Each structure stands twice: as C-alpha cells, then as structure tokens.
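Peer 1: Below is one structure. I have some questions about it.
Number of protein chains: 2
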Amino acid sequence: MSQNTNELGDELMIKFVDLYEKTLKENGYKLTNQRRVVLETLYNRVGEHLTAEEVHQLVKMVNSEIGLATVYRTLQLLSELGLIDKLNLDDGVVRYEIGEMETKHRHHHLICEECGTIMGVDDDMLDALEEAFSKKYGFKVTDHVVKFYGVCKSCLQKQG
Amino acid sequence: MSQNTNELGDELMIKFVDLYEKTLKENGYKLTNQRRVVLETLYNRVGEHLTAEEVHQLVKMVNSEIGLATVYRTLQLLSELGLIDKLNLDDGVVRYEIGEMETKHRHHHLICEECGTIMGVDDDMLDALEEAFSKKYGFKVTDHVVKFYGVCKSCLQKQG
DNA sequence: TAGTATTTTGAGACATACTCTAATTAAACC
DNA sequence: GGTTTAATTAGAGTATGTCTCAAAATACTA
C-alpha cells in the first residue's frame with residue numbers, strides 16, 4: 001500500500017507536503033503518515049474553515065484508523081507552527097484552514113451573519129495600525145486577529 | 161431589605177442602572193434583582209475582564225442565592241444587547257467587561273503575552289478599513305473584533 | 001541490519017465550560 | 001390583588017477538547 005494517499009501524482013501537493021515536512025523537521029517534529037493525511041486533506045479544501053470533527057471525518061475516508069485525538073493534536077501543532085490558521089467564531093467550535101502556499105498565512109476574515117460564509121482576506125492594512133499602537137501605548141505588537149462581521153455581497157443582493 | 165445592593169447611594173451607579181434598565185425594557189426584558197446585581201458587579205469592576213465564574217463569585221457576595229446559570233444567561237443577554245463586551249482569548253474561557261458609560265462599548269484589545277494583561281483601547285482607526293472592505297469585496301461590515309497580541313510597556317521595560 | 005531511544009498514536013476515560021429542563025418564583029400589567 | 005408572562009434555581013446533561021498510557025512507528029547508533 002502506498003504511503004502517499006495521493007495516487008494521482010499531484011505535483012503541487014507533493015511540493016506542498018515537502019515544504020511542510022521541512023518546517024516540521026526544523027522544529028523537531030516528524031512528518032508521520034497521519035500528519036501527512038491531515039495536511040493533504042486540508043490542502044484539498046483550501047479556503048474552507050473546518051472543525052476538528054470535520055477534518056476527522058474527511059481524514060477517516062483516507063485512513064480510517066486515524067483517531068480524533070490525533071487530529072486535534074495535529075491541528076494544534078500545525079497551527080502553532082503557523083502552517084495552518086486557527087479561527088474562533090465564538091460558536092463553541094474552533095475551525096482550521098490552510099492558506100495558499102504563496103500567501104502569508106495571516107489574514108483577516110469577513111463573516112457573513114446572514115449565510116455564515118467565511119471569507120479569508122489577505123490584507124496588510126493593519127500594519128500601520130500596529131505601529132500606531134506601538135507608539136501610542138508603548139505596546140510591541142507581534143500578532144493580530146481581526147474579524148469583520150456583516151453581510152456578504154450575495155446576501156446583500158438577495159435582500160435587494 | 162433594600163432592593164438596591166448599593167447602600168452608599170452612588171448617584172452614578174443609579175444613573176447607570178437606570179440607563180441599562182431602559183435598554184432592557186425597550187427590548188422586552190425585565191430588570192430583575194439578579195440582573196441588577198450582575199450589572200452593579202460589573203460596574204464596580206470597570207476595565208476588568210471577568211469570566212462567568214468570576215462574576216458568579218462576586219455576585220454571590222451580594223446575593224448568595226444567585227445561580228451560575230443565571231449569571232451565564234445574564235452575561236449573554238447583556239452582551240447581545242451591546243450593554244457589555246464579550247472577549248474570547250482562545251484560552252477556553254469567555255470574558256466579559258463593562259465599558260465606561262460615555263465611551264462606545266466596542267473597542268480593541270491589546271493582550272500581553274508575557275503577563276497576560278488585557279488592555280482595552282478605544283480607537284476608531286478601523287472605520288476606514290471597514291469602508292475599504294465594503295468597496296473592495298462588496299461586504300457590508302456591521303461589526304468587528306480586533307485583538308493585538310504582543311508585549312506591554314511594563315514587560316518591555318522589565319526585559320530592558 | 002539490529003538494537004535502542006524518542007515520538008507519536010489510538011482508545012477511551014476525563015475535564016470543564018456551558019446549556020437545558022422543569023418546577024418555582026418574581027415581575028409587570030391591568 | 002390577581003393574572004399573565006418572564007426569569008430563576010439546581011442540577012442533570014451536552015459537547016468540545018485534553019490526558020493517560022500502552023503500543024506502534026520513527027529516527028538514531030553501532
């Protein structure tokens with residue numbers, strides 16, 4: 001049985017997994033089969049915001065032996081390493097997503113309160129704001145989380 | 161026994177509770193004794209970021225009969241009505257805070273990763289950003305949550 | 001390649017923040 | 001004051017997420 005679950009030979013995915021393996025190794029972690037499957041699953045769902053439970057369901061389709069605890073641990077680890085993004089919408093579940101390889105992992109979210117759609121938006125408009133805060137409050141900003149709530153384009157259109 | 165737990169006759173607090181009662185009534189809710197105690201407790205802790213459990217502890221000092229579930233419900237309700245702010249730092253507990261009456265309840269937070277201090281910051285620097293998003297993505301922003309992580313002034317000084 | 005040390009995993013028990021239920025109590029409105 | 005409606009209490013229940021520990025996989029060394 002192949003170690004790699006991607007039988008189609010998707011070059012991009014291989015490149016992507018290689019890159020992530022490098023980061024794992026640099027931090028003293030191993031790219032296990034389970035971690036690879038989680039990564040590939042996320043890769044196949046770029047732009048979606050999945051809960052640990054959802055990831056577990058998807059992952060089990062590839063390897064039904066993988067446990068929920070492993071998925072939780074893996075998502076947490078990948079998130080700590082900055083390989084994936086964690087998103088908390090205050091609805092009692094934490095979501096994770098993987099970004100495009102090229103873009104920075106850090107971005108904002110537009111959350112539609114009508115249909116629940118979550119849009120990831122890459123934008124560094126906040127860099128200036130960070131500097132302003134540094135000066136004004138003597139606070140050295142190292143990271144930020146920004147969520148915009150509102151109504152998305154398509155819901156606005158439906159409302160007329 | 162007095163209905164009002166504030167025996168000192170703090171005019172500001174009375175004014176404050178009156179204002180909040182008005183908002184509750186306008187939305188079809190009653191200002192019960194329990195809700196008043198929760199409000200007064202928060203009022204006495206302006207600027208702090210309390211968990212439901214902490215609020216419950218404080219509230220029980222005034223009226224030991226008040227249950228935890230009521231505190232949870234009250235905090236949720238007040239938050240929905242915009243009377244208090246909800247803050248999620250992703251550490252498994254939701255915190256609540258009450259703002260000064262004069263200032264808008266919506267503000268940003270600076271979270272020090274060294275000492276855990278949470279600073280509330282009133283600033284409308286994001287208004288411009290909201291407009292930019294509206295134009296760029298056709299997304300009508302109605303609210304936003306912004307958290308800055310980093311190192312606070314006093315921790316920076318300690319580090320030298 | 002065999003042996004050893006270190007990580008990682010899996011299953012399920014566990015922890016904990018929060019919510020629901022149903023009977024009781026309190027508040028609002030004539 | 002009596003009626004209606006909303007709110008509260010206590011504790012059982014729910015759900016997300018974590019911990020434990022034996023077993024397995026991986027990396028390291030000879």
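Going down the list, the sequences are from chains A and B. Going by this note's numbering, the first residue of the first sequence is number 1, and it counts up by one from there. Going by this note's numbering, the first residue of the second sequence is number 161, and it counts up by one from there. Where is the CB? At the ideal position from N, CA and C, for every residue including glycine. Only a predicted model underlies this, so the values are computations on that prediction, with no experimental measurement involved.
(1) Check L89(A) in the structure and name its three-state DSSP category.
(2) Just how far apart, CA to CA, sit K60(A) and L202(B)?
(3) Using the three-state DSSP reduction, which class does M119(A) fall into: helix, strand or coil?
(4) For K136(A), does the three-state DSSP call read helix, strand or coil?
(5) Measuring alpha carbon to alpha carbon, tell me which of K307(B), Y189(B) and R196(B) ends up nearest F176(B).
(6) Closest by CA to E100(A), which one among H108(A), E113(A), L68(A) and I84(A)?
(7) Extract the residue ranges of the alpha helix (DSSP H) inside the segment 211-248 of chain B, only unbroken runs of 4 or more that lie entirely within it.
(8) Does the beta carbon of Y309(B) come closer than 9 Å to any beta carbon on chain A?
(9) What number of angstroms, rounded off, separates the C-alpha of A292(B) from the C-alpha of T117(A)?
(10) What does G298(B) reach in chain A if we use C-beta pairs closer than 9 Å?
(11) Does the beta carbon of C272(B) come closer than 9 Å to any beta carbon on chain A?
(12) If contacts are defined as beta-carbon pairs under 8 Å, then V46(A) and V71(A) qualify, I think. What distance do you get, rounded to the angstrom?
(13) Identify the contact partners of E131(A) in chain B, using a Cβ-Cβ distance below 9 Å as the criterion.
(14) Of the residues Y96(A), E97(A), N88(A) and R95(A), which one's Cα is nearest the Cα of V253(B)?
(15) For S77(A) versus Y29(A), is the C-beta distance shorter than 9 Å?
(16) Mind checking who D303(B) pairs with in its DSSP beta bridge?
(17) Does any residue of chain B bring its CB to less than 9 Å from the CB of K135(A)?
(18) For the alpha helix (DSSP H) containing Y180(B), list its first residue and its last residue.
(19) If we define contact as Cβ-Cβ less than 9 Å, is V253(B) a contact residue for chain A?
(20) Bridge partners of L270(B), per DSSP?
(21) Run through chain B and tell me which residues come within less than 9 Å of V146(A), C-beta to C-beta.
(22) What does N248(B) reach in chain A if we use C-beta pairs closer than 9 Å?
(23) Distance, Cα to Cα, I226(B) vs T211(B)?
Peer 2: Taking the geometry as given:
(1) Coil at L89(A), not helix or strand.
(2) Across the structure, K60(A) and L202(B) are spaced so that their CA atoms are roughly 47 Å apart.
(3) M119(A) sits in a strand when the DSSP states are folded into three classes.
(4) It is helical.
(5) Of the candidates K307(B), Y189(B) and R196(B), the one whose C-alpha sits nearest the C-alpha of F176(B) is R196(B).
(6) E100(A) has its Cα closest to that of I84(A), out of H108(A), E113(A), L68(A) and I84(A).
(7) Annotation: the segment 211-248 of chain B contains the following complete segments of the alpha helix (DSSP H) (minimum length 4 residues), in chain order: 212-222 and 228-240.
(8) Closer than 9 Å to some Cβ of chain A, the Cβ of Y309(B) qualifies, so yes.
(9) Our two residues, A292(B) and T117(A), have alpha carbons roughly 19 Å apart in a direct line.
(10) One finds C152, K153, S154, L156 and Q157 in chain A with Cβ atoms closer than 9 Å to the Cβ of G298(B), taken in chain order.
(11) It does: the Cβ of C272(B) has a partner Cβ on chain A nearer than 9 Å.
(12) The Cβ separation is near 18 Å, so there is no contact.
(13) Near E131(A) there are no residues of chain B at all, since even the closest Cβ is about 11 Å away, more than 9 Å.
(14) Of the listed residues, the one whose Cα sits closest to V253(B) is N88(A).
(15) Reading off the sequence, residue 77(A) comes out as Leu, not Ser. Yes, they are a contact pair.
(16) Bridge partners of D303(B) according to DSSP: Y149(A).
(17) So no, K135(A) is outside the interface.
(18) In the DSSP annotation of this structure, the continuous segment of the alpha helix (DSSP H) that includes Y180(B) starts and ends at E171 to E186.
(19) Taking Cβ atoms only, chain A never reaches closer than 9 Å to V253(B), which makes this a no.
(20) Here L270(B) is bridged, per DSSP, to M279(B) and F308(B).
(21) Residues of chain B passing the Cβ test: L286, L289, H304, V305, V306 and K307.
(22) N88 and D90, listed in chain order.
(23) A direct Cα-Cα distance of roughly 16 Å separates I226(B) from T211(B).
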